[in-house]
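S.K.:
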Amino acid sequence: MSKQLEISALMRRAEVFWARTDRTATCWLWHPPLDREGYGKFSVSKVQFYAHRYAYLITVGPIPDGMHLDHVCHTRDAQCAGGRGCLHRRCVNPDHLEVVTPGENALRSNSPFAIAARRTHCPQGHPYDEANTIRRQGSRVCRTCERAKGERRRDQGRALRAQREALRRIENPPPAVGQIWQDTDPRSHGRTVRIVEVSDTHALIELHERLGNETPGRRTRVRLHRFRPRRGYRYLGTN
């Protein structure tokens, strides 16, 4: 009890306290003053109390240290959005007050955090049990959904790689007989060659067009790795 005020001292202002309440068939609403969060305030011997805690003290008894009072009228009202304008915060009816732990009080609220914490299943219907729940930064993550998400990402990655490989093969296919390639070395002045033979490691090429003093048909062997982007030759087509 704040500053160890005795019940007898608290009771001296009980009549003044109850005169400031509006007793309806359900809630007993406290009239201002209110704090910034919408809870009633009441002072006794220069000691400030929350109005609902004062009502509980003089009608039920002391509140254990570290415990909260939950407005069960608010907990039962699914239509109330809560917040500063919540009338239940002004309720001082002792029958509507229950001693709970701070954690339980938070879970009973209608805040997004509390609503999420009360869920027993993920949006896909998988249970939030010990085996299927991953704790991550104070939140619960469905292990089944997380596994499925990972599989989807891997499938998308494989599909993207396959698409890129298909495009690469169109733009730069594996060396084959009859293909025309252009030498990308600036010193070659853009000469073109035709592949006439392919082995496991080399391609036999011949000059496709006359260039300077070179005669078309002159042949030479080139390693296969040269027929790749930025490696020496650029694919032009077949002939």
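Under the working numbering, read the sequence shown as residues 63 to 301, first letter to last.
Heads up, the beta-carbon is just placed ideally off N, CA and C, and yes, glycines get one too.
All values derive from a computational prediction rather than experimental measurement.
Alpha carbon to alpha carbon, how far is GLU208 from GLY187?
M.R.: Approximately 13 Å between the Cα atoms of the pair.
S.K.: For HIS130, which residues in the same chain have their Cβ closer than 6 Å to its Cβ, ignoring the five residues on either side in sequence?
M.R.: Here the set comprises VAL162, PRO164, ASN167.
S.K.: Look up ILE267 in the DSSP assignment and give the residues it is bridged to.
M.R.: DSSP output for ILE267 lists ILE257, THR282 as bridge partner(s).
S.K.: Among the residues of its own chain, which have a CB less than 6 Å from the CB of ARG98, if the five just before and after it don't count?
M.R.: Contacts found: none.
S.K.: Please determine if the stretch 152-162 and the stretch 82-102 are in contact, where contact requires at least 3 C-beta pairs separated by less than 8 Å.
M.R.: Touching, yes.
S.K.: Return helix, strand or coil for ARG288, following the three-state DSSP convention.
M.R.: Three-state DSSP puts ARG288 in a helix.
S.K.: For the beta strand (DSSP E) containing SER105, list its first residue and its last residue.
M.R.: SER105 -> beta strand (DSSP E) spans 103-106.
S.K.: If we ignore side chains and look at the alpha-carbon of each, how far apart do MET63 and GLN110 end up?
M.R.: Low confidence applies here, because MET63 scores a pLDDT of 46, under 50, leaving its location unreliable; read the following figure in that light. For MET63 and GLN110, the distance between alpha carbons rounds to 11 Å.
S.K.: So, helix, strand or coil for THR83, using DSSP?
M.R.: It is a strand residue.
S.K.: VAL78 to ASP84, Cα distance in whole Å?
M.R.: Cα-Cα distance, rounded: 13 Å.
S.K.: Less than 8 Å between the CB atoms is what I'm expecting for VAL255 and TRP243, so what's the real figure, rounded?
M.R.: Indeed, because the Cβ distance is near 6 Å, the residues count as touching under 8 Å.
S.K.: How long is the line joining the alpha carbons of HIS287 and HIS270, rounded to whole angstroms?
M.R.: Cα to Cα, the separation comes out at about 20 Å.
S.K.: Looking at the structure shown, is HIS251 part of a helix, part of a strand, or coil, going by DSSP?
M.R.: Coil at HIS251, not helix or strand.
S.K.: Report the CB separation of TYR297 from ASN234 in whole angstroms; it is logged as a contact under 8 Å.
M.R.: At roughly 5 Å, the Cβ-Cβ gap stays under 8 Å, so TYR297 and ASN234 are in contact.
S.K.: Are any of the Cβ atoms in chain B nearer than 9 Å to that of ASP262?
M.R.: No chain B appears in this structure, which consists of one protein chain only.
S.K.: I need the straight-line Cα distance from TYR101 to ALA178, nearest angstrom please.
M.R.: Whole-angstrom Cα-Cα distance: 25 Å.
S.K.: VAL239 and HIS264 - do their beta-carbons sit closer together than 9 Å?
M.R.: Taking 9 Å as the Cβ cut-off, HIS264 and VAL239 do not qualify as a contacting pair.
S.K.: With DSSP as the reference, identify every bridge partner of GLN241, one or two as the case may be.
M.R.: Answer is THR300.
S.K.: Our contact map puts VAL122 next to ALA71 with C-beta atoms below 8 Å; I'd like the distance itself, whole angstroms only.
M.R.: Not really, about 17 Å apart at Cβ, beyond 8 Å.
S.K.: Buried or exposed: where does ALA228 fall if 16 or more other Cβ atoms within 10 Å of its Cβ makes it buried?
M.R.: Looking at its Cβ environment, which holds fewer than 16 other Cβ atoms inside 10 Å, ALA228 is exposed.
S.K.: In terms of residues, what are the limits of the beta strand (DSSP E) holding GLN110?
M.R.: Taken as a continuous stretch (DSSP letters only), the beta strand (DSSP E) holding GLN110 covers 109-112.
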